[in-house]
Each structure stands twice: as C-alpha cells, then as structure tokens.
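These notes are about the structure you will find just below.
Residue numbers (UniProt numbering): 1 to 288.
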C-alpha cells in the first residue's frame, strides 16, 4: 500500500516514455476531424490485433483501410507488426482500391508512422497525416469498420499460424471486400443539431460504397465500367455462403491448433494474469 504511488510513477514512465523519433512526428501533421467528406481518396488506416487473451509472441494483425467519402473498405492480414510487412500490405491494398489515394491518415502507431511510409507517401504525392495521441475518435471511420468488417467475422480469437493467415487473406482479398463494398449499404450523417441539451441527427439515404463511389464522379470512366461489370457478375447470396465456408475453415484451423472441443470466436477474451513485475524482486533462497 505504501508503494502504490511509486508503482504508478513507474507505470507512467513505461507507458508515456519519450518517442524514439521526435523529428518524424514533427514532420507529420496532426489532423482531427476537419475532413471534406465529399472528396474521394482520403483513407483512414488502422491495425487490428488478433492476439486473443495474450499479447505475448508473434500473432496476426489486420491492416484495415476505409475511404472517408465512399466508405470503401479494404483489409490485409500480416504476421506481426514489422514495418516492412505493414508497408507490403498497404501497397497490396492500394493496388486493389478503384480510386486514387490523396491522403493517408493512421493513428500514432509506430508500425504505421515511420520514415519508410513517409518517404513512400512523399514519392507518390500522397498527403500523410496522423491522429492526436491517445484520441481514438480521430480515426472514427476506420474504428467503426474494425468492428463491423473484422471483429464481426473473425471475432476475438488468437490467430498466429501461417495457415490461419492464408485463410484470412483469402477472405479479405475476395468475398468479404466484394460483399461489403457492393452489397452492404451504410448511412452517412447529414447534420447534427443540438436543442436544449438533446442532439438530433439526420442521415442520408443508405447506399453501398460502390454506389457512392460511382455517384461521386471522381473515378475514371474505364474504372466505372469495370466496377459496373463486376457488380453485375456478383451473386450476394453466393458471396455470403463462401464467407461462411471460409470462416468455418478458419475456426476449424483454430480448433485443431488449440485442441479445443468448441470455438467461441465472439466471446471477448479476458487478459491472462501478469507474469512479470515492473521491478524484478530479489530472489529468495534457502540458507545453505
């Protein structure tokens, strides 16, 4: 009890330690919520951890991106959080998006805010901005998709094998992106009015990201025709069946790995007990 204050001081020093690259963070401007929501190409970026109840060791992360104007979502799974793997996943996602990127906006994660990615953005003519530290609501667009597009399908299990990574990427690159972008309508906030302490919100007509992208008039005509042909060739019911089939395959791979009788992917995992001390205690030995 008497050492409670000292433990809090040590905890703050560990959590809020000085950044390794203060010059890097000075070069990347902070942007909060002043977005032009009609301009296609402003992309929110985030990493989602699939660590289950323990963050120990290497496990799979999902790189999630969403266009603020249209709601077009793309995802890519990576093993670990190395900057090289994150950069490769980001370039793969950019190749799949049917519009030109104007701005990248991650949080302050070192896997996404680094010199490698900053130089890439400068060479490609992409504006690079970041959120305010410890303000998750600055990335509210992608945080919402993390829940509806990733957690709602993959759950809260720990994925840490190459087999699971292969299944997840097969899902992200094919059925899931097509189903969500072409057949899942979303509402966008038109206005928010506060009257006597009560907030009234008005939304527009629900539309799919594909519809918003086409109606924006900000994509080339050949790209629009390709998207239209792709849309006409898709069967949403078959896409949903394929998603369920691949998810069952993923759960089966997890079950074989963990040797459990039943898998509950949507049950939140409780963190395991702490196995280390902030300051290592002196070892006690019996007198010799």
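Each residue gets a CB set at the ideal place from its N, CA and C atoms; glycine is no exception.
Quantities reported herein were computed from a predicted structural model and do not represent experimental measurements.
Start-to-end residues for the alpha helix (DSSP H) that takes in residue i
| i | result |
| --- | --- |
| residue 179 | 177-183 |
| residue 212 | 209-216 |
| residue 249 | 236-258 |
| residue 3 | First-last for residue 3: undefined, no H or E at that position. |
| residue 186 | Segment: none, residue 186 is in no alpha helix (DSSP H) and carries neither H nor E. |
| residue 168 | 162-171 |
| residue 223 | 221-233 |
| residue 145 | 140-145 |
| residue 27 | 22-27 |
| residue 129 | Here residue 129 belongs to no alpha helix (DSSP H), and DSSP marks it neither H nor E. |
Beta strand (DSSP E) segment containing residue i, residue limits
| i | result |
| --- | --- |
| residue 203 | 198-203 |
| residue 269 | No beta strand (DSSP E) contains residue 269, which DSSP labels as neither H nor E. |
| residue 45 | 42-49 |
| residue 194 | 189-195 |
Alpha carbon of residue i to alpha carbon of residue j, nearest angstrom
| i | j | result |
| --- | --- | --- |
| residue 165 | residue 222 | 33 Å |
| residue 66 | residue 6 | 42 Å |
| residue 204 | residue 181 | 18 Å |
| residue 45 | residue 114 | 14 Å |
| residue 276 | residue 42 | Note that residue 276 scores 48 on pLDDT, short of 50, meaning its location in the model is unreliable; the coordinates nonetheless yield the value given after this. Distance between the alpha carbons of residue 276 and residue 42 is about 42 Å. |
| residue 106 | residue 139 | 7 Å |
| residue 228 | residue 241 | 22 Å |
| residue 86 | residue 125 | 19 Å |
| residue 297 | residue 263 | Examination of residue 297 is not possible in this model, given that the chain is present from 1 through 288 alone. |
| residue 16 | residue 269 | In this prediction, residue 16 has a pLDDT of 45, which is less than 50 and means its spatial position is unreliable; what the coordinates show is noted afterwards. Whole-angstrom Cα-Cα distance: 26 Å. |
| residue 261 | residue 152 | 22 Å |
| residue 54 | residue 193 | 43 Å |
| residue 84 | residue 22 | 21 Å |
| residue 273 | residue 52 | With a pLDDT of 49 at residue 273, under the threshold of 50, the modelled position of that residue is not reliable, and no figure is offered here. |
| residue 112 | residue 137 | 17 Å |
| residue 254 | residue 190 | 42 Å |
| residue 161 | residue 210 | 33 Å |
| residue 220 | residue 230 | 16 Å |
| residue 141 | residue 207 | 16 Å |
| residue 144 | residue 37 | 16 Å |
| residue 34 | residue 256 | 47 Å |
| residue 163 | residue 234 | 27 Å |
| residue 168 | residue 243 | 10 Å |
| residue 56 | residue 117 | 26 Å |
| residue 108 | residue 218 | 29 Å |
| residue 146 | residue 134 | 17 Å |
Contact belief for residue i with residue j at Cβ below 8 Å, rounded distance in angstroms
| i | j | result |
| --- | --- | --- |
| residue 40 | residue 69 | 5 Å |
| residue 265 | residue 154 | 7 Å |
| residue 214 | residue 201 | Residue 214 to residue 201, Cβ: 26 Å. No contact. |
| residue 71 | residue 173 | Contact flag wrong, Cβ pair sits at about 19 Å. |
| residue 267 | residue 156 | 7 Å |
| residue 47 | residue 24 | Incorrect: roughly 18 Å between the Cβ atoms, too far for contact. |
| residue 80 | residue 58 | 5 Å |
| residue 77 | residue 93 | Not confirmed; about 11 Å, so no contact. |
| residue 149 | residue 101 | Wrong, their Cβ atoms sit about 19 Å apart, outside the cutoff. |
| residue 50 | residue 119 | Not quite, the Cβ-Cβ distance comes to about 29 Å (not below 8 Å), so this is no contact. |
| residue 239 | residue 171 | Their Cβ separation, rounded to whole angstroms, is 11 Å, which puts residue 239 and residue 171 out of contact at 8 Å. |
| residue 104 | residue 121 | 6 Å |
Can you list, in chain order, the stretches of the beta strand (DSSP E) that have 3 or more residues and sit fully within the region 57-112?
60-67, 73-79 and 103-105
Pair every Cβ in the region 196-215 with every Cβ in the region 237-248, then say whether three or more of these pairs are closer than 8 Å.
no
So, do the region 96-106 and the region 186-195 have three or more beta carbon pairs nearer to each other than 8 Å?
no
Are the region 20-35 and the region 130-137 touching, with three or more C-beta to C-beta distances below 8 Å?
yes
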